[in-house]
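Residue numbering for the sequence shown follows the working numbering, beginning at 241 and increasing consecutively. Contents: one structure, followed by commentary.
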Amino acid sequence: MSDLSVNEPDDRPLMPSLMKGLQCRCPNCGEGRLLHSYLKVVDHCPECREDYTPQRADDGPAYLTILVVGHVVIFFLTTMWEYMRPSPLTLAVSMCALATVVALLVLPRFKGMIVAWQWAKRMHGFK
């Protein structure tokens with residue numbers, strides 16, 4: 241029998257890559273910025289020239305953000321209602337503000353982590 245296995249390169253270390261992505265840094269070198277505006281991924285790392293054009297972080301970061309924001313808001317909503325009993329308008333305004341702040345803080349970090357995960361697992365054409 242012949243061996244039909246394909247010589248594929250090994251995956252890169254996942255946890256260090258994810259931590260660099262969480263910091264919105266290049267998962268390869270950890271020095272270059274991964275995002276050049278709020279959510280726009282750079283074409284390549286300015287430090288090590290790693291190509292990021294194959295990345296496909298479409299809706300994943302948004303879904304993760306909704307998951308986290310929902311849990312944070314529900315925790316604070318129930319805690320405030322149980323211990324403070326604010327007026328419904330105060331509660332609604334404060335929860336909207338909390339949801340906005342948390343979403344704006346975690347969305348770029350989740351995008352960095354998704355791109356770093358794709359890079360570490362060599363998905364979508366990452367070499």
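For every residue, glycine included, the Cβ atom is placed at its ideal position computed from N, Cα and C.
Cβ shell of residue i (< 6 angstroms), same chain only, five flanking positions each side left out
{"i": "Leu254", "result": "Ala360"}
{"i": "Met363", "result": "none"}
{"i": "Val333", "result": "none"}
{"i": "Cys233", "result": "The structure shown has nothing for residue 233, since the chain only spans 241 to 367."}
Status (buried if at least 16 other CB within 10 Å, exposed otherwise) for residue i
{"i": "Val341", "result": "exposed"}
{"i": "Ile306", "result": "exposed"}
{"i": "Met324", "result": "exposed"}
{"i": "Ala337", "result": "exposed"}
{"i": "Ile354", "result": "buried"}
{"i": "Pro328", "result": "exposed"}
{"i": "Phe315", "result": "exposed"}
{"i": "Pro256", "result": "exposed"}
{"i": "Leu347", "result": "buried"}
Cβ distance (whole Å) where residue i is taken to contact residue j below 8 angstroms
{"i": "Leu368", "j": "Phe350", "result": "In this structure the chain extends from 241 to 367, so residue 368 is not present and cannot be described."}
{"i": "Gly261", "j": "Ala343", "result": "Going by Cβ atoms, the distance from Gly261 to Ala343 rounds to 18 angstroms, so no, they are not a contact pair."}
Nonlocal neighbours in the same chain, by C-beta distance under 8 angstroms from residue i, ignoring five residues either side
{"i": "Asp283", "result": "Asp291, Tyr292, Thr293"}
Own chain partners of residue i with C-beta closer than 7 angstroms, once the 5 adjacent residues on each side are dropped
{"i": "Leu258", "result": "Met353, Ala356, Trp357"}
{"i": "Pro326", "result": "Met320"}
{"i": "Glu287", "result": "Cys266, Cys269, Glu271, Gly272"}
{"i": "Phe366", "result": "Pro294, Gln358, Trp359"}
- request: Go through the region 322-346 residue by residue and report every complete run of the alpha helix (DSSP H) that reaches 4 residues or more, in order.
  value: Look at the region 322-346 and you find no whole run of alpha helix (DSSP H) that is 4 residues long or longer.
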